[in-house]
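Here is the structure we will look at, set down as structure tokens.
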Amino acid sequence: MSIAALRDVEVDYPRGRALGPFTLEIGAGEIVSLVGPSGCGKSTAMRLLAGLEAPTRGEAARTPGRGETAVVFQAPTLAPWLSARANVALPLELAGVARAEAAARAGAALARVGLAEAAAARPAQLSGGMAMRVALARALVTGPKLLLLDEPFAALDEITRRALADDVLALGAETRPAIVFVTHNVEEAVYMASRVVVITKGPGRVAGEVAVEGPLPRPTGFRTGAAFRAQVETVSALLAQGMAA
Amino acid sequence: MSRLLYAIAPFALLGALIGAWEVACRALHVAPYLLPPPSSVAMALAQNFPALVVAAWSTLSVALLALVIASVIAQVLAVAVALSPLTERAIRPLASVIQVTPVVAIAPLLLIWAGLDHPHRALVALAVLVAFFPIFSGAVSGLKAADPDLERLFDLYGATRWQRAMRLKLPSAVPFLLEGHKVGAGLAIIGAVVAEFGAGSGKVRGLAWQILEAGNRLQTAKMIAALVVLGAMGVALHALLEAGEKAGLRWWRGR
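Protein sequence lines, in the order shown, are assigned to chains A and B.
Just remember that our numbering sits 39 ahead of the position in the first sequence, which is counted from 1.
Just remember that our numbering sits 63 ahead of the position in the second sequence, which is counted from 1.
In structure tokens form, the structure reads like this:
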């Protein structure tokens, strides 16, 4: 069953076409990576899937209702005047959940990303990785059916991004939202998803798809396995074709 | 050593200038009504200190009251702008007209409206006029400075207009509002002094009146003494507001 679908969508901005024609179907509970060069329209595709933007042409179909879609952006995008807990509680409060209950659920969500201690801290007091975990907790607190991650680890160091990648997969396995993971990092794309959609240089079209074998969340040592390496090579080749096209 | 020099450099210059002034006045036998030496100014300051302090408080209280009123008006309008950008479109030209019209030119009119018996009200109103603009302007810039991705999150979660105004736009505007109040307070003092000059009556005995009055009597040393008090008051208020802004930002950011 599809939870969100883009069918032959095209997005035109005043400065030219950003995306399309582009077709993508996301199944319920499926984890899909979108990988493509900078400026290929990945983020535009993301906004279409989130319903934050409408395509110029084509159809964007979504089944999740209000509050059932969550987005994590490249920057943590936390409100600096709110504590970590209040930031996480915000989506609940906007949806009309009572303050006390929202705070309790936010605390639990923070605990799930390993930040129970930092609940009272302000974003300025958190490291980049911690701030990103808060953003992740805020995305998960509403129990979304569709979780959109727009290059969420781009600003983090390698150790932190690997740890966060595993955390996202582990948390995803608990509540099983469909996850769309946008990145320009091929290894990360393969590691995070059961399906990698490669996008051509802008305006983005689908250059090809690669099904990724192996269990999710990934077992230790998965990155060094021959199967992983081979799939990274396949995706890289597709990406190179998409860049040349 | 170099840090010490760095700290005393401005005082050294000030001291040198005052010293040169004193020496020049004595050596060139400058008429005291034209330019009294700093020692005479210091004497005038000491002799008139109680009166000058009372006058300074009179001017300062006008400026502070004006700042509070301007702050309330600007923030109420900022809430309206946060709720509907149309409000800004409507207010902005009018606010600009008020800003570019010199307050001295408006003073006589406001003095008539306030009535000859209440020049104090006219002074406050004039200071409000000049203090209002930077606060309102800061608020409007701040409302537009909300993180676009946070705006998207509010879209995503279907926030109402009220929620967006109160929970995103106004909190985002806080640093700009703090800055606006700092600038506004400085302007409120200028507004109060200019308005006192405009009023020119003996009903409100602020620092400007002291300067005018001493000028009429050719008490040049007292004029300069009043100016010194005015300058000191400005510096003190600025330092206070600077500290207030820093503390406010620390509270807003949590560090």
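From the three backbone atoms N, C-alpha and C, an ideal C-beta is built for every residue, glycine too.
Original post:
For PRO183/A, which of helix, strand or coil comes out of DSSP?
Top reply: PRO183/A: coil per DSSP, three-state reduction.
**OP:** Report buried or exposed for LEU45/A, applying the criterion of at least 16 other Cβ atoms within 10 angstroms of its Cβ.
**Re:** buried
Original post:
When the cut-off is 8 Å and only beta carbons count, does ARG316/B lie next to chain A?
Top reply: yes
Original post:
Is there at least one Cβ from chain A nearer than 8 Å to GLY311/B's Cβ?
Top reply: no
**OP:** Figure out for me which residue from ALA142/A, LEU175/A and GLY168/A has the closest Cα to the Cα of ALA159/A.
**Re:** ALA142/A
**OP:** Could you please tell me which residues of the stretch 195 to 223 of chain A, in chain order, have their CB closer than 7 Å to any CB of chain B?
**Re:** none
Subject >> TYR220/B: contacting residues in chain A (beta-carbon distance under 7 Å) >> reply: Annotation: Cβ neighbours of TYR220/B in chain A (cutoff 7 Å, chain order): GLY106, PRO130, LEU133 and ALA134.
Subject >> DSSP-derived helix/strand/coil call for TYR52/A >> reply: The answer is strand: DSSP assigns TYR52/A an E or B state.
Original post:
What does VAL237/B reach in chain A if we use C-beta pairs closer than 8 Å?
Top reply: TRP120
Subject >> Rounded separation between GLY281/A and ARG268/A - CA only >> reply: 20 Å
**OP:** Using a threshold of 8 Å, state whether the C-beta atoms of THR122/B and ALA255/B are closer than that.
**Re:** Against a cut-off of 8 Å, the Cβ pair of ALA255/B and THR122/B comes out as a contact.
**OP:** Pull up the CB-CB distance for GLY59/A and GLY97/A, whole angstroms please, since I reckon it's below 8 Å.
**Re:** 7 Å
Original post:
Any idea if LYS81/A is buried or exposed, counting beta-carbon neighbours within 10 angstroms, 16 or more meaning buried?
Top reply: buried
**OP:** Check the Cβ-Cβ distances between LEU188/A and every residue of chain B, and say whether any is below 8 Å.
**Re:** no
Subject >> Contacting positions in the stretch 84 to 96 of chain A - beta carbon closer than 9 Å to chain B >> reply: Listed in sequence order: ARG86, ALA89, GLY90 and LEU91.
**OP:** At 3 residues or longer, and completely inside the stretch 256 to 307 of chain B: list those beta strand (DSSP E) runs for me, N to C.
**Re:** none
Subject >> Environment of SER122/A [buried if 16+ CB atoms lie within 10 Å] >> reply: buried
**OP:** Answer with yes or no whether the minimum CB distance from GLN138/B to chain A is below 8 Å.
**Re:** no
**OP:** Output the distance between the C-alpha atoms of PHE288/A and ALA204/A, rounded to the nearest integer angstrom.
**Re:** This structure gives no information on residue 288/A, because the portion of chain A shown stretches from 40 to 284.
Original post:
Under the DSSP definition of a beta bridge, which residues are partnered with GLU107/A?
Top reply: According to DSSP, GLU107/A bridges with nothing at all.
Original post:
Can you give the Cα-Cα distance for GLY297/B and ALA289/B, rounded to whole angstroms?
Top reply: 12 Å
Subject >> Coil, strand or helix - LEU186/B by DSSP >> reply: helix
Subject >> Under 8 Å from the C-beta of ILE213/B: neighbouring residues of chain A >> reply: Before going further, note that residue 213/B is Leu rather than Ile in the sequence given. In chain order, THR116 and ALA118 make up the part of chain A whose C-beta sits under 8 Å from the C-beta of LEU213/B.
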